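When you line the sequence shown up against our numbering, it's residues 980 to 1120, in that order. Idealized CB from N, CA, C, for every residue including glycine. Because the structure is a prediction, the values reported are computed rather than measured.
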Amino acid sequence: SGVFRTTEEVVRLLRGDQLPKGDALATARIAGIMAAKRTPDLVPLCHPLSLTGVTVDLHTSGSEVQITATVRTTDRTGVEMEALTAVAVAGLALHDMAKAVDPAAVLDAVRVERKVGGKTGLWIRPTAEPSHWPPTAEPSH
(Lines of atoms letter the chains of each structure in order from A and count residues from 1; the text may use other names and numbers.)
(Lines give C-alpha, C1' and ligand atoms only; values in the text may rest on other atoms or scores of the structure.)
Protein backbone atom coordinates (compact mmCIF):
# COMPACT_ATOMS: atom_id res chain seq x y z
CA SER A 1 0.00 0.00 0.00
CA GLY A 2 0.94 3.64 -0.21
CA VAL A 3 -0.46 7.12 0.27
CA PHE A 4 -0.62 10.00 -2.21
CA ARG A 5 -0.71 13.17 -0.10
CA THR A 6 -1.97 16.37 -1.68
CA THR A 7 -4.60 19.00 -0.85
CA GLU A 8 -8.32 18.55 -0.23
CA GLU A 9 -8.94 20.66 -3.34
CA VAL A 10 -6.92 18.26 -5.50
CA VAL A 11 -8.77 15.27 -4.04
CA ARG A 12 -12.05 17.03 -4.87
CA LEU A 13 -10.81 17.52 -8.45
CA LEU A 14 -9.72 13.86 -8.59
CA ARG A 15 -13.15 12.66 -7.48
CA GLY A 16 -14.88 14.90 -10.01
CA ASP A 17 -12.59 13.93 -12.90
CA GLN A 18 -11.66 17.62 -13.24
CA LEU A 19 -7.87 17.59 -13.45
CA PRO A 20 -6.37 19.10 -16.63
CA LYS A 21 -4.99 15.73 -17.84
CA GLY A 22 -8.25 13.82 -17.35
CA ASP A 23 -9.42 10.93 -15.16
CA ALA A 24 -6.44 10.51 -12.84
CA LEU A 25 -7.93 7.72 -10.72
CA ALA A 26 -8.66 5.48 -13.72
CA THR A 27 -5.28 6.29 -15.25
CA ALA A 28 -3.46 5.49 -11.99
CA ARG A 29 -5.32 2.19 -11.65
CA ILE A 30 -4.35 1.13 -15.18
CA ALA A 31 -0.75 2.32 -14.68
CA GLY A 32 -0.47 0.22 -11.51
CA ILE A 33 -1.80 -2.91 -13.20
CA MET A 34 0.54 -2.44 -16.16
CA ALA A 35 3.49 -1.84 -13.83
CA ALA A 36 2.89 -5.06 -11.90
CA LYS A 37 3.08 -6.97 -15.17
CA ARG A 38 6.30 -5.15 -16.17
CA THR A 39 8.13 -5.48 -12.83
CA PRO A 40 10.95 -7.68 -14.24
CA ASP A 41 11.65 -4.92 -16.80
CA LEU A 42 11.85 -2.26 -14.07
CA VAL A 43 13.50 -3.99 -11.09
CA PRO A 44 16.89 -5.63 -11.72
CA LEU A 45 17.14 -9.35 -10.87
CA CYS A 46 13.36 -9.66 -10.46
CA HIS A 47 12.37 -12.69 -12.52
CA PRO A 48 9.19 -12.89 -14.64
CA LEU A 49 6.17 -14.50 -12.99
CA SER A 50 2.87 -15.74 -14.30
CA LEU A 51 0.43 -13.37 -12.59
CA THR A 52 -3.13 -14.62 -12.21
CA GLY A 53 -4.57 -11.37 -10.88
CA VAL A 54 -3.70 -7.74 -10.22
CA THR A 55 -6.06 -5.32 -8.49
CA VAL A 56 -5.24 -1.68 -7.74
CA ASP A 57 -7.67 0.11 -5.41
CA LEU A 58 -7.68 3.87 -4.84
CA HIS A 59 -9.65 5.35 -1.95
CA THR A 60 -9.89 9.10 -1.41
CA SER A 61 -10.21 10.66 2.03
CA GLY A 62 -9.57 14.26 3.01
CA SER A 63 -6.30 15.25 1.35
CA GLU A 64 -5.10 11.71 0.62
CA VAL A 65 -5.51 8.86 -1.80
CA GLN A 66 -4.85 5.43 -0.28
CA ILE A 67 -3.35 3.09 -2.90
CA THR A 68 -3.59 -0.67 -2.41
CA ALA A 69 -2.43 -3.38 -4.80
CA THR A 70 -3.27 -7.06 -4.56
CA VAL A 71 -1.29 -9.43 -6.78
CA ARG A 72 -1.81 -13.17 -7.21
CA THR A 73 0.19 -15.96 -8.83
CA THR A 74 0.26 -19.75 -8.86
CA ASP A 75 4.08 -19.70 -8.95
CA ARG A 76 5.97 -20.79 -5.83
CA THR A 77 7.34 -17.37 -5.03
CA GLY A 78 6.13 -14.14 -3.51
CA VAL A 79 4.72 -11.27 -5.54
CA GLU A 80 5.57 -8.45 -3.17
CA MET A 81 7.83 -6.70 -5.71
CA GLU A 82 4.99 -6.71 -8.24
CA ALA A 83 2.60 -5.26 -5.63
CA LEU A 84 5.08 -2.58 -4.54
CA THR A 85 5.75 -1.65 -8.17
CA ALA A 86 2.00 -1.39 -8.83
CA VAL A 87 1.53 0.95 -5.85
CA ALA A 88 4.56 3.09 -6.69
CA VAL A 89 3.65 3.54 -10.36
CA ALA A 90 -0.02 4.23 -9.56
CA GLY A 91 1.22 6.94 -7.18
CA LEU A 92 3.58 8.32 -9.83
CA ALA A 93 0.70 8.49 -12.30
CA LEU A 94 -1.38 10.42 -9.75
CA HIS A 95 1.53 12.80 -9.18
CA ASP A 96 2.00 13.33 -12.91
CA MET A 97 -1.66 14.13 -13.40
CA ALA A 98 -1.98 16.38 -10.31
CA LYS A 99 1.33 18.27 -10.53
CA ALA A 100 -0.21 21.12 -12.53
CA VAL A 101 -2.43 22.02 -9.56
CA ASP A 102 -0.23 20.74 -6.70
CA PRO A 103 3.47 20.38 -7.49
CA ALA A 104 4.14 19.72 -3.77
CA ALA A 105 2.12 16.47 -3.67
CA VAL A 106 3.94 13.50 -2.11
CA LEU A 107 3.89 9.73 -2.60
CA ASP A 108 4.53 8.21 0.82
CA ALA A 109 4.56 5.01 2.88
CA VAL A 110 4.94 2.49 0.04
CA ARG A 111 5.18 -0.84 1.83
CA VAL A 112 4.07 -4.45 2.00
CA GLU A 113 1.11 -4.90 4.36
CA ARG A 114 0.55 -8.65 4.02
CA LYS A 115 2.18 -11.51 2.13
CA VAL A 116 1.06 -15.10 1.68
CA GLY A 117 3.23 -17.80 0.10
CA GLY A 118 6.83 -18.01 -0.96
CA LYS A 119 9.54 -19.20 1.44
CA THR A 120 8.22 -17.30 4.46
CA GLY A 121 4.54 -18.27 4.19
CA LEU A 122 2.22 -15.75 5.86
CA TRP A 123 3.63 -12.38 6.90
CA ILE A 124 1.59 -9.46 8.23
CA ARG A 125 3.08 -6.03 8.94
CA PRO A 126 3.32 -5.41 12.69
CA THR A 127 1.24 -2.47 13.90
CA ALA A 128 4.31 -0.82 15.49
CA GLU A 129 7.68 -0.32 13.85
CA PRO A 130 10.25 -2.95 14.89
CA SER A 131 12.63 -2.12 17.72
CA HIS A 132 15.57 -1.91 15.28
CA TRP A 133 13.95 1.01 13.43
CA PRO A 134 15.29 3.54 12.74
CA PRO A 135 18.74 2.04 12.16
CA THR A 136 21.42 3.28 14.54
CA ALA A 137 24.43 2.50 12.39
CA GLU A 138 25.27 3.50 8.86
CA PRO A 139 24.57 0.68 6.40
CA SER A 140 27.62 -0.99 4.89
CA HIS A 141 28.11 -0.65 1.15
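For D1002, DSSP records no beta bridge to any residue. Counting only residues of its own chain and dropping the five nearest sequence neighbours on each side, T1018 has a CB closer than 6 angstroms to the CB of C1025, M1060, E1061, T1064. Within the same chain, Cβ atoms closer than 6 angstroms to the Cβ of R1093 are found at I1103, the five residues on either side in sequence being excluded. A straight line joining the alpha-carbon of E1043 with that of L1021 spans about 26 angstroms. Here L1071 is not near L1037, since their CB atoms are 8 angstroms or more apart.
DSSP, read as helix, strand or coil, puts E1043 in strand. Contact between T985 and A1077 holds: their C-beta atoms lie close to 6 angstroms from each other, under 8 angstroms.
The alpha-carbon separation between A1084 and G1041 amounts to approximately 14 angstroms.
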